[in-house]
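In what follows, a single structure is set out as structure tokens and then discussed.
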Amino acid sequence: MLAIDLTGKRAFVAGVADDGGFGFAIAKAMAEAGATIVVGTWPPALGIFQKLLERGKMDASMQLARGGRLEFEHIYPLDAAYDTMDDVPPEVRESKRYLGQGDFSIAGVRDRLRTDFGVPGIDIVVHSLANGPEVKKPLVDTSRRGYLDAISVSAYSNISLVRELAPLMRPGGSFVSLTYMAGERVIPGYGGGMSSAKAALEADTRTLAFEAGRRWGVRVNTISAGPYASRAASAIGFIDTMIRYCEENAPIPRRLEAEEVGHTAAFLASPLASAITGSVVYVDNGYHAMGMAVLPEPQVS
Ligand SMILES: NC(=O)c1ccc[n+]([C@@H]2O[C@H](COP(=O)([O-])OP(=O)(O)OC[C@H]3O[C@@H](n4cnc5c(N)ncnc54)[C@H](O)[C@@H]3O)[C@@H](O)[C@H]2O)c1
8 MLAIDLTGKR
18 AFVAGVADDG
28 GFGFAIAKAM
38 AEAGATIVVG
48 TWPPALGIFQ
58 KLLERGKMDA
68 SMQLARGGRL
78 EFEHIYPLDA
88 AYDTMDDVPP
98 EVRESKRYLG
108 QGDFSIAGVR
118 DRLRTDFGVP
128 GIDIVVHSLA
138 NGPEVKKPLV
148 DTSRRGYLDA
158 ISVSAYSNIS
168 LVRELAPLMR
178 PGGSFVSLTY
188 MAGERVIPGY
198 GGGMSSAKAA
208 LEADTRTLAF
218 EAGRRWGVRV
228 NTISAGPYAS
238 RAASAIGFID
248 TMIRYCEENA
258 PIPRRLEAEE
268 VGHTAAFLAS
278 PLASAITGSV
288 VYVDNGYHAM
298 GMAVLPEPQV
308 S
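For the sequence shown, the working numbering begins at 8 and goes up steadily by one.
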């Protein structure tokens, strides 16, 4: 039987703070396939995430179909806006949402992974995070600061993760990120430079696949997921409309499950995908292929 087997592999999943998004679904799918999981959580969300775990609020979703439970070997604080602690402004460093969390930069995560697991110690890195402070503003009204912040957190962070974590990877290592078709087609309302950030993430996937493939022998892919009502997506404000629209107009007219994105990420990270790199893989019920909405049947009176 040909099965996705990640036994003996360790995945670092950046962007998990509850059980309602793609990062969690990917971590769970990879654990189902046998991988061990370390997660990176945005410092302001870390306390709530730890409380959810301690109080058993996520117990049902942590249950694995193969038996046992999803366990996190470690939960590291990670703010993907910062490459090193030198980049962190004093007001962030001293804010109570960040105080006492140690080095929460990308270099900090690299150092923790190196200390906790040695070199090489990881096999898979998942970038499942994004933030656009002005996402509700049309692109044309977005400030330079808001635009650059969206690109910094949502796209540049992936470059930084590849550079810092690829040297910690065992042969056959794999990077996967999450993108959205707003990077290539107009999605009205997906503003604040987030569409630009997704376009950058997709272009970078190709270039990083080349550079990191030659330098470290690792693969770099991105999954273009259909709309899904995670916490981040709900913040955009019209996620239910996007979901309904895709459900009505996609070739497979039904709701996308986060688990389906998880399964694809597990496949891409597995040896079964050993020749796939530099790809944008659509997991959207085929919606990206459409050029026209499905019109309602004409009413016959
Ligand atoms: N939900 C959708 O409809 C959809 C569709 C396509 C792509 N995506 C992408 O999927 C990825 C995961 O998003 P999701 O929708 O599952 O939501 P989510 O809320 O589960 O994940 C987003 C995560 O990003 C984290 N984050 C925000 N700023 C951060 C920072 N500076 N440093 C570190 N972490 C930070 C948040 O704490 C959160 O855990 C994102 O890249 C998103 O753009 C989502």
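No residue lacks a Cβ here, since even glycine has one placed at the ideal position from N, Cα and C.
Assuming contact is defined by CB atoms lying nearer than 8 Å, are G180 and S281 in contact in what I supplied? The count along the sequence shown starts at 1 and reaches residue 180 at position 173. The count along the sequence shown starts at 1 and reaches residue 281 at position 274. Not a contact, by the Cβ cut-off of 8 Å.
Which parts of the stretch 114-165 are runs of the alpha helix (DSSP H), unbroken and 4 residues or longer, counting only runs that do not cross its ends? Qualifying alpha helix (DSSP H) stretches, in chain order: 151-158.
Classify S203: buried if its beta carbon has 16 or more other beta carbons within 10 angstroms, exposed otherwise. Locating residue 203 in the sequence shown gives position 196, where the first residue counts as 1. Only buried fits S203, as 16 or more other CB atoms lie within 10 angstroms of its CB.
Spatial neighbours of I250 in its chain, beta-carbon cut-off 6 Å, leaving aside the 5 residues before and after: Taking the sequence shown and counting its residues from 1, one reaches residue 250 at position 243. Its chain contains P234 as the residues whose beta carbon lies nearer than 6 Å to that of I250, once the 5 sequence neighbours on both sides are disregarded; these appear in chain order.
Note down, in chain order, each residue of its chain lying with its Cβ closer than 6 Å to the Cβ of T122, except the 5 sequence neighbours on either side. Residue mapping note: residue 122 aligns to position 115 of the sequence shown, counting from 1. Hits under 6 Å: none found.
Near I166, what residues of its chain come up, given a Cβ to Cβ distance below 8 Å and the 5 sequence neighbours on each side ignored? The count along the sequence shown starts at 1 and reaches residue 166 at position 159. So the list reads D211 and L215, once near-sequence residues are dropped.
Would you list the one or two residues that DSSP bridges to T43? As a position in the sequence shown, residue 43 is number 36, starting the count at 1. R17, per the DSSP bridge assignment.
Per-residue DSSP class, three states only, for R76: Mapped onto the sequence shown, residue 76 falls at position 69. In this structure, R76 counts as strand in the three-state DSSP scheme.
Are the Cβ atoms of A32 and V268 separated by less than 8 Å? Here the question's residue 32 lines up with position 25 in the sequence shown. Here the question's residue 268 lines up with position 261 in the sequence shown. In this structure, the beta-carbon distance from A32 to V268 falls below 8 Å.
Roughly how many angstroms lie between the CA atoms of A173 and E304, to the nearest whole one? Here residue 173 corresponds to residue number 166 of the sequence shown, with the count starting at 1. Here residue 304 corresponds to residue number 297 of the sequence shown, with the count starting at 1. Roughly 52 Å separates the two Cα atoms.
Would you mind giving the Cβ-Cβ distance between R238 and D25, rounded to the nearest angstrom? I have them listed as a contact below 8 Å. Residue 238 sits at position 231 when you count from the first residue of the sequence shown. Residue 25 sits at position 18 when you count from the first residue of the sequence shown. Indeed, because the Cβ distance is near 6 Å, the residues count as touching under 8 Å.
Only counting the same chain, and skipping five residues up and downstream in sequence, which positions put a Cβ closer than 7 Å to that of T271? Residue numbering aside, residue 271 sits at position 264 when the sequence shown is read from its first letter. I230, V288 and V290, listed in sequence order.
Hey, how far is the Cα of A257 from the Cα of Q108? In the sequence shown, counting from the first residue as 1, residue 257 sits at position 250. In the sequence shown, counting from the first residue as 1, residue 108 sits at position 101. About 44 Å.
Cβ-heavy atom distance between R238 and ligand 1 below 7 Å? Along the sequence shown, one-based indexing puts residue 238 at 231. Yes, since a heavy atom of ligand 1 falls inside the 7 Å radius drawn around the Cβ of R238.
Under the DSSP definition of a beta bridge, which residues are partnered with L185? Numbered from its first residue, the sequence shown carries residue 185 at position 178. For L185, which the question treats as bridged, DSSP gives the partners I230.
Smallest Cα separation from G220: which of R262, M176 and I243? Reading the sequence shown from its first residue, position 213 is the one you call residue 220. Ranking R262, M176 and I243 by Cα distance to G220 puts M176 first.
Kindly give me the distance between the Cβ atoms of S135 and V20, rounded to whole angstroms, as I take these residues to be in contact under 8 Å. Translated into positions along the sequence shown, residue 135 becomes position 128. Translated into positions along the sequence shown, residue 20 becomes position 13. Between S135 and V20 a beta carbon distance of about 6 Å is seen, short of the 8 Å cut, so the two are scored as contacting.
Is the stretch 95-114 touching the stretch 37-52, taking contact as three or more C-beta pairs under 8 Å? The stretch 95-114 is in contact with the stretch 37-52.
Bridge partner(s) assigned by DSSP for Y252: Position 245 of the sequence shown, counted from the start, is the residue given in the question as residue 252. When DSSP reads this structure, Y252 sits in no beta bridge, so it has no partner.
Spatial distance of A52 from V307 (CA atoms): The count along the sequence shown starts at 1 and reaches residue 52 at position 45. The count along the sequence shown starts at 1 and reaches residue 307 at position 300. Inter-residue distance for A52 and V307 is about 54 Å (C-alpha atoms, whole angstroms).
How far does the beta strand (DSSP E) with V290 in it reach, from first residue to last? Numbered from 1 along the sequence shown, position 283 holds the residue referred to as residue 290. Here the beta strand (DSSP E) through V290 covers V287 to V290.
Apart from the five residues just before and just after V301, which ones in its own chain have a Cβ nearer than 7 Å to its Cβ? Here residue 301 refers to the residue found at position 294 when the sequence shown is read from its first residue. Once the five neighbours on either side are set aside, the close Cβ partners of V301 are E255 and N256.
Between V95 and Y89, what straight-line distance do the alpha-carbon atoms span, to the nearest angstrom? Start at 1 with the first residue of the sequence shown, and residue 95 comes out as number 88. Start at 1 with the first residue of the sequence shown, and residue 89 comes out as number 82. Our two residues, V95 and Y89, have alpha carbons roughly 6 Å apart in a direct line.
Can you tell me whether Q306 is helix, strand or coil according to DSSP? Within the sequence shown, numbered from 1, the residue matching residue 306 stands at position 299. Three-state result, Q306: coil.
T48 bridges to which residues according to DSSP? Position 41 of the sequence shown, counted from the first residue, corresponds to residue 48. Residue pairing for T48: DSSP places it in a beta bridge opposite P84.
Whole angstroms is fine: what's the gap from L60's alpha carbon to G298's? Here residue 60 refers to the residue found at position 53 when the sequence shown is read from its first residue. Here residue 298 refers to the residue found at position 291 when the sequence shown is read from its first residue. The straight-line gap from Cα to Cα measures roughly 43 Å.
Spatial distance of S2 from E101 (CA atoms): Shown here, the chain extends from 8 to 308; a query on residue 2 therefore has no answer.
T91: beta carbon under 7 Å from a heavy atom of ligand 1? Stepping through the sequence shown from its first residue, residue 91 is reached at position 84. Relative to ligand 1, T91 has its C-beta separated by 7 Å or more from all heavy atoms.
Short of 6 Å in beta carbon distance, which residues of its chain neighbour G293, apart from the five on each side in sequence? Order them along the chain. Residue numbering aside, residue 293 sits at position 286 when the sequence shown is read from its first letter. Hits under 6 Å: A257, P258 and I259.
Please go through the same chain and pick out, in chain order, the residues whose beta-carbon is closer than 8 Å to the beta-carbon of R17, but skip the five residues on each side of it. Working through the sequence shown from its first residue, we reach residue 17 at position 10. Correct list, in chain order: A42, T43, I44, V45, E80, F124, G128, I129, D130 and I131.
In its own chain, which residues sit with a C-beta less than 8 Å from the C-beta of L208, not counting the 5 before and 5 after it? The residue given as residue 208 occupies position 201 in the sequence shown. These residues qualify, in order along the chain: S161, A162, N165, S184, T186, G190 and T229.
With distances taken between CB atoms, is the gap from A236 to I246 smaller than 8 Å? Taking the sequence shown and counting its residues from 1, one reaches residue 236 at position 229. Taking the sequence shown and counting its residues from 1, one reaches residue 246 at position 239. Against a cut-off of 8 Å, the Cβ pair of I246 and A236 comes out as a contact.
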